[in-house]
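Counting in numbering that gives the first Met the number 0, the sequence shown runs from 0 upward without gaps.
Note that CB positions come from ideal geometry on N, CA and C, so glycine has one too.
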Amino acid sequence: MQQVKGVIARSKGAPVELVTINVPDPGPGEAVVKIQACGVCHTDLHYREGGIGDDYPYLLGHEAAGIVESVGPEVHDLAPGDYVILNWRAVCGACRACRRGRPWYCFATHNAKQKMTLEDGTELSPTLGIGAFIDKTLVAAGQCTKVDPAARPAAAGLLGCGVMAGLGAALNTGNVQRGDSVAVIGCGGVGAAAIAGARLAGAATIIAVDIDDRKLERARELGATHTVNSKDADAVEAIQALTGGHGADVVIDAVGRPETWKQAFYGRDLAGTVVLVGVPTPSMQLELPLLDVFGRGGSLKSSWYGDCLPSRDFPMLIDLYLQGRLPLDAFVTEEIGVHDVEAAFDKMHGGDVLRSVVVY
C-alpha cells in the first residue's frame, strides 16, 4: 500500500477536499496508474451534487491518461511503463452482449475489486470506477487502454469520457456517413465532440444548435457549417431550412432534456436517426404522439459512452490526433493544478470552458 494525495467530495454539495488516500497494491487483474492529466467533467460535479448516487465520500476525476506503475497477478497484456488512457467500461468478455460480438454494450463491466480508503479506513467510491484526481489510482487492468505515448496527456485523457461520448455518438451510434446532414443540439464538451466526429466522418452539412454564441463559435472552429441560436430562432424550423426543408439525416441531442429531444425528433428527416447522448435526470418524462413515432420511421437511439470499445477506438483516435486530423487540443481550454478543481466547477456554470484539465 502507498499513500498519495487525492480530491474527494465528502458530502452532498460540500466543497472538494485534497486529502491523503491509501492506495492498495494491485491485486489479481488490477493495476496502479500514475496519473499525468485528468479532465474536469460535468459528471464529477454531478457526483459531488448527489445527482448520481449517495455513496460518499467520492474520489473524483475520471477523464485521465497516465503511466502504469504496477500490475497484479493475472494481468498479461499490460506492463509497468505503458502509457494508457483510463476507461470506465472494462468489458467482461462473457456476458450475452460480449458473446454476441457486441462488447461495447457489455452488461457486466467491472472495476478494481479492492477499495482505496481515507487514512482512517473509510472506503472511497471512485467516480465511474476510476477516481483520477489523485497522484496514483487503482483500477481494473481492463480499464487501461494502451496508446501512442507521443500523445499529449491533457488531450489524450479526454477520450476517457466526454470527448469519446460525443465522437462516438456521431461515428458509432449515429453512424454518420459521407455527405450526410447532421444537427447537434447542445454544444458543450460532448456536443462539440459530436461536431468534430461528424466532420471526421465526412458529413456535408453540420448544424450546431445552442443558446450561447460562444459555444456556437467554438462549434464552427470544430467543423460546424451552420449555427443556430435557439433563443432567437425555432431550432426545428432552422434545421429544416438548412436541409432543403427535409430535416437532418442524423440529429444528436447532447443536452438530454425532453424539450431538446423533441427538437431532435422533429428536426430529423423521414427515416432519419435521433441519438440521445445528453444524460437526463430520473424525474424527466417524455410525451409524444405514438403515431408520429410510427409515421416518421427511422431510428431512435441512446448512446452509452459513444458506444465505444476502448481497445478499438482509443488507439485509432489517438493516431488521428497525431496525424492532425482530430483536434483534441481544442478541447483543452486550460491546464490547472489539483488545488483548482473547485474553481473549475464554478467555471462550468458560466460556460467559459470546454475542459479544464488537471495536469500533474
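Q: Look at the Cβ atom of residue 305, then the Cβ atom of residue 168, and state whether they are nearer than 8 Å.
A: Translated into positions along the sequence shown, residue 305 becomes position 306. Translated into positions along the sequence shown, residue 168 becomes position 169. Yes, these two residues count as a Cβ contact at 8 Å.
Q | Residue(s) in a DSSP beta bridge with residue 274 | A | As a first step, residue 274 must be located in the sequence shown, where it is residue number 275. The beta-bridge partner set that DSSP reports for residue 274 consists of 251, 300.
Q: Take residue 77 and list the residues in its own chain whose beta-carbon comes closer than 8 Å to its own, dropping the five residues that flank it on each side.
A: As a working mapping, residue 77 is identified with position 78 in the sequence shown. Correct list, in chain order: 30, 67, 70, 83, 140, 143, 145.
Q. Between the region 41-57 and the region 7-14, do three or more beta carbon pairs fall short of 8 Å?
A. Touching, per the Cβ criterion.
**Q.** Alpha carbon of residue 25 to alpha carbon of residue 72, nearest angstrom
**A.** Reading the sequence shown from its first residue, position 26 is the one you call residue 25. Reading the sequence shown from its first residue, position 73 is the one you call residue 72. The straight-line gap from Cα to Cα measures roughly 8 Å.
Q) Cβ of residue 128 within 8 Å of Cβ of residue 103? A) As a first step, residue 128 is located in the sequence shown; it is residue number 129 there, counting from the start. As a first step, residue 103 is located in the sequence shown; it is residue number 104 there, counting from the start. Between residue 128 and residue 103, the C-beta gap is not smaller than 8 Å, which leaves the two residues out of contact.
Q) alpha helix (DSSP H) containing residue 150: first to last residue? A) The residue given as residue 150 occupies position 151 in the sequence shown. Looking at the DSSP string, residue 150 is not in any alpha helix (DSSP H), and its letter there is neither H nor E.
Q) If residue 237 and residue 227 are in contact, beta carbons under 8 Å, what's the gap, nearest whole angstrom? A) Indexing the sequence shown from 1 puts residue 237 at position 238. Indexing the sequence shown from 1 puts residue 227 at position 228. Between residue 237 and residue 227, the beta carbon gap of about 4 Å places them in contact (Cβ cut-off 8 Å).
Q: Provide the residue(s) that pair with residue 57 in DSSP beta bridges, ordered along the chain.
A: As a first step, residue 57 is located in the sequence shown; it is residue number 58 there, counting from the start. The partner list for residue 57 (beta bridge, DSSP) reads 8, 124.
**Q.** DSSP three-state assignment for residue 82, whether helix, strand or coil
**A.** Sequence index remark: in the sequence shown, residue 82 carries index 83 (1-based). Assigned with DSSP and collapsed to three states, residue 82 falls in strand.
(Q) Please classify residue 338 as buried or exposed, where buried requires at least 16 neighbouring CB atoms within 10 angstroms. (A) Taking the first residue of the sequence shown as 1, we reach residue 338 at position 339. In this structure residue 338 is exposed. Its beta-carbon is surrounded by fewer than 16 other beta-carbon atoms within 10 angstroms.
Q: List in chain order: all unbroken beta strand (DSSP E) runs of 3+ residues lying wholly within the region 180-227.
A: Listed in chain order, they are 180-184, 204-209.
Q. Ordered along the chain, which non-local residues of its own chain (more than five positions away) have a Cβ less than 7 Å from that of residue 159?
A. Numbered from 1 along the sequence shown, position 160 holds the residue referred to as residue 159. Hits under 7 Å: 61, 62, 63, 84, 85, 86.
Q | Within-8 Å CB hit, residue 52 to chain B | A | In summary, chain B is missing from the structure at hand, where a single protein chain is found.
**Q.** Within 8 Å, strictly: CB atoms of residue 268 and residue 294
**A.** Numbered from 1 along the sequence shown, position 269 holds the residue referred to as residue 268. Numbered from 1 along the sequence shown, position 295 holds the residue referred to as residue 294. No, they are not a contact pair.
Q: Have a look at 296, 91, 348, 2 and flag the residue whose alpha-carbon is nearest the alpha-carbon of residue 249.
A: Here residue 249 corresponds to residue number 250 of the sequence shown, with the count starting at 1. Comparing Cα-Cα distances from residue 249 to each of 296, 91, 348, 2, the minimum goes to 296.
Q.
My assumption, with CB atoms under 8 Å, is that residue 22 sits in contact with residue 15. Please give the rounded CB distance.
A. Looking up residue 22 in the sequence shown gives position 23. Looking up residue 15 in the sequence shown gives position 16. No, residue 22 and residue 15 are not in contact; Cβ-Cβ is about 18 Å, not under 8 Å.
Q: Verify whether the separation of the beta carbon atoms of residue 196 and residue 170 is less than 8 Å.
A: Numbered from 1 along the sequence shown, position 197 holds the residue referred to as residue 196. Numbered from 1 along the sequence shown, position 171 holds the residue referred to as residue 170. Yes.
Q: State the CB to CB distance for the pair residue 154 and residue 328, rounded to an integer number of angstroms; the pair is presumed to be in contact (CB under 8 Å).
A: As a first step, residue 154 must be located in the sequence shown, where it is residue number 155. As a first step, residue 328 must be located in the sequence shown, where it is residue number 329. Between residue 328 and residue 154 the Cβ distance is about 5 Å, and since that is below 8 Å, they are a contact.
Q) Taking the continuous alpha helix (DSSP H) assigned at residue 97, which residues delimit it? A) On the sequence shown, residue 97 is found 98 positions in, with the first residue counted as 1. Residue 97: member of the alpha helix (DSSP H) spanning 95-98, first to last residue.
Q: Mind reading off the beta-carbon distance from residue 341 to residue 355? Whole number of angstroms is fine, and I expect it under 8 Å.
A: For the purposes of this step, residue 341 is taken as the residue at position 342 of the sequence shown. For the purposes of this step, residue 355 is taken as the residue at position 356 of the sequence shown. Rounded, the Cβ-Cβ distance is 11 Å, inconsistent with contact.
Q) When the Cα of residue 120 is compared with those of 224, 19, 312, 311, which residue comes out closest? A) Here residue 120 refers to the residue found at position 121 of the sequence shown. Nearest of 224, 19, 312, 311 to residue 120, Cα basis: 19.
Q. Nearest to residue 330 by alpha carbon, out of 106, 298, 166?
A. Working through the sequence shown from its first residue, we reach residue 330 at position 331. In terms of CA proximity to residue 330, 166 leads the group 106, 298, 166.
Q: Pull up the distance between the alpha-carbon of residue 288 and that of residue 39, whole angstroms please.
A: The residue given as residue 288 occupies position 289 in the sequence shown. The residue given as residue 39 occupies position 40 in the sequence shown. Here the C-alpha atom of residue 288 lies approximately 39 Å from the C-alpha atom of residue 39.
(Q) Suppose you measure from the CA of residue 122 to the CA of residue 56; what does that come to, to the nearest Å? (A) In the sequence shown, counting from the first residue as 1, residue 122 sits at position 123. In the sequence shown, counting from the first residue as 1, residue 56 sits at position 57. The straight-line gap from Cα to Cα measures roughly 8 Å.
**Q.** Inter-residue Cα distance where the pair is residue 282 and residue 255
**A.** Your numbering for residue 282 matches position 283 in the sequence shown. Your numbering for residue 255 matches position 256 in the sequence shown. Between the C-alpha atoms of residue 282 and residue 255 there is a straight-line separation of about 12 Å.
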